[in-house]
Amino acid sequence: MALTKLDQLYRAVILDHSKHPRKQGVLDKATAQIELKNPTCGDVIQVQLAIEDNMIKDVRFDGSGCTISMSSASMMTEAILGKSIDEALMLADEFSGVVQGKEAVHQKELGDAMMLSGVSKFPARIKCATLSWKALEKALETDGTGVDGQLKHD
Ligand code: ZN
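In the working numbering, the protein residues as written are 17 to 170.
Here it is as structure tokens:
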């Protein structure tokens, strides 16, 4: 169940994101935000987006959970910052495939998130890896409804 079977490089990048999360915190001017939980592991993630002209101008995440869920959230923020809503949704879809062992077309755009491809060998952890990306998808669905559009999913 542990990451010990993952390639050393993958492991180092994952741990780095976990220890030094990018874009962790709170956005003052979020246009969309959502909290999602992964009850099987106890992960909780909040994702906040500042969307302007169909582009993700800024992003933050916060929450608590296992190394995979936290590092994945950090990787997600790096991958989607500055992207259009459509691009971000496409990357979320591709990432969901990557952690299930599928090839990704946009590996460069996914960036460090590709390092989580090894999660496909640990099916119980797939939900940990996809939690922040699911939150992103949900937050994008609420675009325009503002912070009041916050949803909670179990
Ligand atoms: Zn987890």
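Ideal placement from N, C-alpha and C gives every residue a C-beta, glycine not left out.
Computed from a predicted model, the values in this text were never measured in an experiment.
Practice task
Specify the secondary structure class of residue 77 as computed by DSSP and reduced to three states.
Solution key: Your numbering for residue 77 matches position 61 in the sequence shown. Strand.
Practice task
To the nearest angstrom, report how far apart residue 111 and residue 130 are at their CA atoms.
Solution key: In the sequence shown, counting from the first residue as 1, residue 111 sits at position 95. In the sequence shown, counting from the first residue as 1, residue 130 sits at position 114. Distance between the alpha carbons of residue 111 and residue 130 is about 8 Å.
Exercise for the section: Within the same chain, show all residues whose beta-carbon is closer than 6 Å to that of residue 36, passing over the 5 residues directly before and after it, in chain order. Expected result: If you number the sequence shown from 1, residue 36 lands on position 20. Same-chain partners within the cutoff: there are none.
Exercise for the section: Measure the Cβ-Cβ separation of residue 41 and residue 61 and say whether it is below 7 Å. Expected result: Counted from its first residue, the sequence shown places residue 41 at position 25. Counted from its first residue, the sequence shown places residue 61 at position 45. Cβ distance not < 7 Å, so residue 41 and residue 61 don't count as in contact.
Practice task
Starting from the C-beta of residue 152, find all residues in its chain whose C-beta is less than 7 Å away, skip the five residues before and the five after it, and write them out in chain order.
Solution key: Position 136 of the sequence shown, counting from 1, holds the residue named residue 152. Once the five neighbours on either side are set aside, the close Cβ partners of residue 152 are 63, 92, 96, 104, 108.
Exercise for the section: Rounded to whole angstroms, what's the CA-CA distance from residue 81 to residue 58? Just pull it up for me. Expected result: Looking up residue 81 in the sequence shown gives position 65. Looking up residue 58 in the sequence shown gives position 42. If you take the alpha carbons of residue 81 and residue 58, they lie about 6 Å apart.
Exercise for the section: Measure from the alpha carbon of residue 99 to the alpha carbon of each residue in 86, 75, 115, 117, then state which is nearest. Expected result: What you label residue 99 is simply residue 83 of the sequence shown in a count that begins at 1. Nearest of 86, 75, 115, 117 to residue 99, Cα basis: 75.
Problem - Nonlocal neighbours in the same chain, by C-beta distance under 8 Å from residue 157, ignoring five residues either side - result: Counting from 1 along the sequence shown, the entry for residue 157 is found at position 141. Cβ contact annotation for residue 157 (same chain, cutoff 8 Å, sequence separation greater than five): none.
Problem - Within 6 Å of the ligand ZN: residues by beta-carbon to any heavy atom - result: Each of 54, 57, 59, 81, 82, 84, 85, 144 has a C-beta closer than 6 Å to some heavy atom of the ligand ZN; these make up the full list, in chain order.
Practice task
Whole angstroms is fine: what's the gap from residue 68's alpha carbon to residue 101's?
Solution key: On the sequence shown, position 52 is the one that residue 68 refers to. On the sequence shown, position 85 is the one that residue 101 refers to. Roughly 10 Å separates the two Cα atoms.
Practice task
Would you please state the rounded distance, in angstroms, between the beta carbons of residue 94 and residue 134? I believe it to be under 8 Å.
Solution key: Along the sequence shown, read from residue 1 onward, the residue named residue 94 stands at position 78. Along the sequence shown, read from residue 1 onward, the residue named residue 134 stands at position 118. Going by Cβ atoms, the distance from residue 94 to residue 134 rounds to 19 Å, so no, they are not a contact pair.
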